[in-house]
Amino acid sequence: MTSVEETVKELASQTRDEFYHYLSIPTVSAQKTGIPETVEAVKAMLEKRGADVRVLDDLGGNPVIYASFVSSKSDKTLLFYNHYDVQPPEPFDEWLSEPFVPTLRDDILYCRGVADNKGNLMTRLVAIDYLLMRDGELPCNVKFLIEGEEEIGSPHLEPYLEKYADLWQADGCIWEFGGKQEDESFVIDCGLKGLIYMELNVSTASIDAHSSLAALFDNAAWRLVQALASMKSVDNRILIEGFYDKVVAPTEEEIKRTLDIVVDQEGFNRNFGLTRPFIEDGRNPANGLALTFSPTLTVNGLLSGYINQGSKTVLPKAAMAKIECRLVLGQTPADIEQLVRKHLHKHGFDDIELKVLAAQSPYRCPMDSAFVKLVEASANDVYQPESKVLIRPTNAGTGPMDLFGKYLNGMSIATSGTGWAKSQAHAPNESMRMSDYYQGIRHMIRLMDTMDDMEG
Ligand SMILES: [Zn+2]
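Written out as structure tokens, the structure is:
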């Protein structure tokens with residue numbers, strides 16, 4: 067074992083109490099719990115390491131934390147984006163240990179938020195500990211933007227980024243998450259899909275009716291499912307007119323890089339107990355291309371009528387659906403909202419009320435930017451040869467990356483994190499392997515150590 071590895075483990079053990087304290091606070095943004103305590107804990111961890119910290123809370127929402135470490139050794143600046151909020155822990159009975167009690171089993175740490183995103187913030191902080199211990203200062207300037215509403219769609223982040231854009235200027239940004247695939251390859255993403263989340267409501271009467279009246283009355287549930295069915299074909303083509311029109315086609319290089327990444331169809335079948343064939347079966351063997359470049363339309367939930375035990379012959383007065391589209395480069399939430407409204411109108415569903423609950427635009431930065439190359443090279447130094455290091459143009463997930471591009475001069479952004487195939491972020495028994503934690507810390511050390519070599 068090299069001395070860096072030994073020292074990293076030692077520092078990880080010395081900082082375990084503050085890490086566990088951070089994990090133990092139930093910072094559930096959706097349920098508005100634990101916010102002030104967590105902000106205090108994060109501020110204390112940053113100040114303890116000598117950062118200049120500002121807790122920004124003048125524009126609404128949970129506070130956004132700015133922190134800065136100045137270096138005399140380099141004029142390059144690295145920005146870290148992280149979030150201190152977590153998803154709700156429910157369902158409780160599926161957890162093998164208490165969701166907010168950090169629990170180590172077989173060198174895997176279990177806790178809500180350990181993978182998404184508290185563990186990743188700790189890798190940045192322990193890497194800073196290492197560099198400060200070694201040199202007394204960091205090899206490059208380092209800034210943090212740590213928000214507390216990522217898990218509810220970052221509804222207040224834009225005004226903070228706009229007003230405080232000067233604070234967060236940097237030469238590149240490490241995104242909050244990242245990590246390894248089922249086959250242990252380490253994937254660095256340079257973009258994210260966008261999202262529009264909508265609620266559809268339809269009401270056909272002021273009270274539920276006896277279902278014998280179905281010969282006379284229209285039915286809210288039917289209205290809604292017919293409207294939904296009009297939006298997508300049985301072979302999964304989205305039928306909303308214009309939906310695909312502005313999609314920016316991937317470049318040859320982006321396709322090539324995407325095809326390097328194996329989508330483990332068997333693994334998905336096993337882990338999810340899928341009973342239907344993959345959508346891309348027989349049409350496009352490259353599931354990875356679909357995952358990376360295809361926009362989606364998903365019914366997230368449906369509610370109408372009688373759903374309890376036995377039968378109730380009722381004609382429902384109302385129906386509700388929650389639906390989402392994952393958006394790819396070229397699509398914007400505002401455009402898609404207009405297209406869905408037009409679609410409903412054109413198909414005679416003007417009585418369906420549409421409400422947008424969340425919206426985020428997609429973002430992709432060039433895979434050959436000087437910063438992405440540096441992140442890749444530093445990852446190669448740490449993860450090879452056990453893990454292949456792969457660059458992917460975009461992750462299938464969503465986050466506020468486009469805002470960073472918009473307000474921070476088209477910032478080059480790449481992911482790096484401690485995720486693994488069974489992280490179970492957002493699900494019960496969320497976890498992080500300690501081996502990934504140590505490697506994540508080492509990657510951050512290596513990246514900060516090489517920031518000054520960045521071209522441009
Ligand atoms: Zn999350």
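The numbering of the sequence shown is the numbering used here, which starts it at 67 and goes up by one. Cβ atoms here follow ideal geometry from the backbone N, Cα and C, with glycine treated the same way.
How many Å lie between Glu-332 and Gly-339 at the Cα? 10 Å
Residue nearest to Val-291 in terms of C-alpha spacing, selected from Ser-370, Asp-232, Gly-463 and Ser-444: Ser-370
Exposed or buried, what is Asp-502 when buried is set at 16 or more other beta-carbons lying within 10 Å of its beta-carbon? buried
Run the proximity test for Asn-183: is its beta-carbon closer than 8 Å to any non-hydrogen atom belonging to ligand 1? yes
Give me the residue from Ala-462, Val-192 and Asn-495 with the minimum Cα distance to Lys-114. Val-192
Gly-179 versus Val-152 - alpha carbon distance: 5 Å
For His-409, which residues of its own chain have a beta-carbon under 6 Å away from its beta-carbon, when the five flanking residues on both sides are left out? Ile-306
Given a cut-off of 9 Å on the beta-carbon distance, is the pair Val-268 and Ala-295 in contact? no
Helix, strand or coil for His-509, going by three-state DSSP, please let me know. helix
So, are the CB atoms of Leu-456 and Gly-308 less than 9 Å apart? no
Could you say which of Asp-255, Gly-506, Pro-221 and Met-520 lies nearest to Asp-326 if we only look at CA atoms? Asp-255
Which runs of the alpha helix (DSSP H) spanning at least 4 residues fall entirely within the region 170 to 204, listed in chain order? 185 to 201
Quick one: is Gln-247 buried, meaning 16 or more other Cβ sit within 10 Å of its Cβ, or exposed? buried
State yes or no: is the C-beta of Leu-112 within less than 9 Å of the C-beta of Phe-243? no
Would the C-beta of Ala-491 count as close to ligand 1, meaning under 8 Å from any of its heavy atoms? yes
DSSP three-state assignment for Gln-404, whether helix, strand or coil: helix
Taking the alpha carbon of Asp-468 as the reference point, which residue from Leu-261, Asp-173, Val-74 and Asn-186 has its own alpha carbon closest? Leu-261
Looking at Gly-238: is its Cβ nearer than 9 Å to the Cβ of Ser-482? no
Quick one: does the C-beta of Lys-153 sit closer than 8 Å to a heavy atom of ligand 1? Note on residue identity: the sequence assigns Gln, not Lys, to residue 153. Yes, the Cβ of Gln-153 comes within 8 Å of a heavy atom of ligand 1.
With a threshold of 8 Å, establish whether the CB of Glu-216 neighbours any heavy atom of ligand 1. yes
Since Trp-161 is in the alpha helix (DSSP H), which residue starts that stretch and which ends it? Careful: Trp-161 lies outside any alpha helix (DSSP H) and carries neither H nor E.
Residue ranges of each alpha helix (DSSP H) within the region 408 to 470, 4 or longer: 436 to 449
When you compare only the Cα positions, how much space is there between Asp-124 and Tyr-230? 11 Å
Tell me whether Ile-218 sits in a helix, a strand or coil according to DSSP, three-state version. helix
Does the contact criterion of 3 or more C-beta pairs under 8 Å hold for the region 411 to 420 versus the region 432 to 441? no
Give the straight-line distance between the Cα atoms of Gly-219 and Met-199, rounded to the nearest whole angstrom. 37 Å
Are the CB atoms of Glu-215 and Met-386 nearer to each other than 9 Å? no
Alpha carbons only, please: which of Phe-252, Pro-459 and Asp-274 is nearest the one belonging to Lys-322? Pro-459
Can we count Ala-293 as close to ligand 2, meaning its CB is less than 8 Å from some heavy atom? By its list of ligands, the structure shown excludes ligand 2, since it contains just ligand 1.
Are three or more beta carbon pairs between the region 416 to 430 and the region 383 to 402 nearer than 8 Å? yes
Quick check on DSSP: helix, strand or coil for Ile-91? coil
Mark Gln-450 as exposed unless 16 or more other C-beta atoms lie within 10 angstroms of its C-beta, in which case mark it buried. exposed
Extent of the continuous alpha helix (DSSP H) to which Pro-338 belongs: The sequence shown places Phe at residue 338, not Pro. Where Phe-338 is concerned, the enclosing alpha helix (DSSP H) stretches over 331 to 338.
Give every residue of the same chain whose Cβ lies closer than 7 Å to the Cβ of Phe-344, excluding the five residues on either side of it in the sequence, and list them in chain order. Gln-331 and Asn-353
What does the Cβ neighbour count give for Asp-195, buried or exposed, with the cut at 16 atoms within 10 Å? buried
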